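Per my numbering, residue 617 is the first one in the sequence shown, and the count goes up by one each step. The structure appears right after this line, and notes come after that.
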Amino acid sequence: MAAKKELAIIMIVFTLVFMLTSCGANSAQKGDKLKVYTTIYPMYDFAKKIGGEKVEVKNLIPFGEDTHHYEPSVSDIIDLNKADILIYNGAGYEGFLEKLKQSVENKDLVFFDASYNLDLIFENEEETHDPHTWLSIKNAIKNLENIKDIFSRLDGGNAMYYENNYQKYKAEFEDLYNEYKEKFKGYKNRSIIVSHDAFGYLCKEFGLNQVPIRGINADDEPNPLKMSQIVQFALDNNINTIFYEEALNSKISETIAKEIGGKTDTLYPLETLTGEQVNSGEDYLSVMKKNLDAILRSFN
C-alpha cells in the first residue's frame, strides 16, 4: 500500500515537472520552426532574411494596406496566441502595441523591439522620435543584428545558421550603403521634396535635406500657406521633382509639380509593399535601390 502511495506521489511530481517545462517551451524547443510575427514590411523582410528556412514569418498588417490605420483583429489575436515572437519596429511607430499586449493571452509570446540600440532622430522637445528608422541603412543593419540575436536566444541550436545569414546580408546592406555614399558624393546639402516626413534618416545618413509636404503623421494635409511655401522653396532651389508615395493621395504632389512646371516621381518609405511586389521578389534592397535611382534622377 505504501509503495503504491509512493508511486502515485512520484507520478504526480513527474507530471507537474513535465507541465512546467513544456509550458514555456517555444516552437523551436519542441522541434518545430519558430513562429514569428512582424508588424510592418521592413521587419518582415529582415526576419525572413535572418530566419530563412528555420522560421515561419507572417506580417500582421496585410501587404498593401495603410500601416497607420491598422487595428488588431480577433484573428490577429488568435494567431499571436500561437506565436513565439512578435517583432515590432518600435520608436513609437506602432500606436496599437499596448492594445495588442493587453489582448494577447499567450504569456510566452516575446514582444521584441527591433529599434533597440538604434540612433534615433528626435522630432521635438517632447522627445518624440521619427519612427521611420529602417530608412537609415546603418539602422537596418542593426535591425538585422538585433533579430539575429533574439532568434539565437530563442533557438540556440540554430544560432550559427542565423549568424551566417546575418553576415551574408550585412555584406549586401553594406554594399548598398557604399553605393548610396558614392553616388551622393557630389550632392551634399541638396534638398528633396517628399510627400510626408518619412525620409529624415535616409537624408541625414547621406547629407541631404528633406522638405516634407506633410508631417510625421501622413494624414495631416497641408494648408494653403504650407503649399505656397513649398512651391516657393522649389522655385528658389531649382527643384523640379516632387516625390509622392503610392500609399498616399498623389494629387497634392501633382498640384505642386504643376505649379513649378516640374514632374512627380515615386519614393518608397517601405512601411508596406503590395502583395504583388512581394510575390515578384521585391525586397528592402531592391526598393532602396529604386529610391536611390529616383533621387539621382531628381538631381539631374
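All residues carry an ideal CB built from backbone N, CA and C; glycine is no exception. For clarity, every value in this text was computed on a predicted model and none was experimentally measured.
- Every beta strand (DSSP E) stretch that sits fully inside the stretch 841–911 and reaches 3 residues is listed by chain position as 857–860, 879–882.
- When DSSP assignments are scanned along the stretch 770–817, the uninterrupted stretches of alpha helix (DSSP H) that are 4 or more residues long and fall wholly within it turn out to be 775–799.
- Contact between LYS804 and GLY823 is confirmed by a C-beta separation of about 4 Å, below the 8 Å threshold.
- With fewer than three CB-CB distances shorter than 8 Å, the stretch 725–737 does not count as touching the stretch 779–795.
- With contacts defined by Cβ atoms closer than 8 Å, PRO688 and SER731 do not form a contacting pair.
- Between VAL810 and ILE829, the C-beta gap is smaller than 8 Å, which places the two residues in contact.
- Look at the stretch 641–721 and you find these whole runs of alpha helix (DSSP H), each 4 residues long or longer: 657–667, 690–696, 713–719.
- Bounds of the beta strand (DSSP E) holding ILE829 are 825–830.
- Just so you know, the alpha carbons of THR744 and VAL894 end up roughly 31 Å apart.
- Residue pairing for HIS745: DSSP places it in a beta bridge opposite PHE738.
- Straight-line spacing of the CA atoms in LYS665 and MET659 works out to 10 Å.
- Setting aside the 5 residues that flank it on each side, TYR709 is surrounded in the same chain by PRO747, each with a C-beta closer than 6 Å to its C-beta; the list follows chain order.
- Distance check between ALA910 and each of ASN865, TYR796, PHE679 places TYR796 closest, using alpha-carbon atoms only.
- Note on geometry: alpha-carbon atoms of ILE694 and LEU702 lie some 13 Å from one another.
- In chain order, ASN759, LEU760, ILE763 place their CB closer than 6 Å to the CB of PHE662, counting only its own chain and leaving out the 5 sequence neighbours on each side.
- Rounded to the nearest whole angstrom, the CA to CA distance from LYS801 to SER844 is 31 Å.
- Cβ neighbours of LYS715 within its own chain (closer than 7 Å, five residues either side excluded): PRO688.
- For PHE727, the beta-bridge partners assigned by DSSP are LEU702.
- Within the same chain, and ignoring the five residues on either side of LEU725 in sequence, the residues whose Cβ sits closer than 8 Å to its Cβ are LEU696, ASN697, ALA699, ASP700, ILE701, LEU702.
- Using a Cβ distance threshold of 8 Å, LYS649 and LYS670 count as a contacting pair.
- DSSP, read as helix, strand or coil, puts ASN755 in helix.
- In its chain, beyond the 5 residues on either side, TYR817, GLU821 have a beta carbon closer than 6 Å to the beta carbon of SER752.
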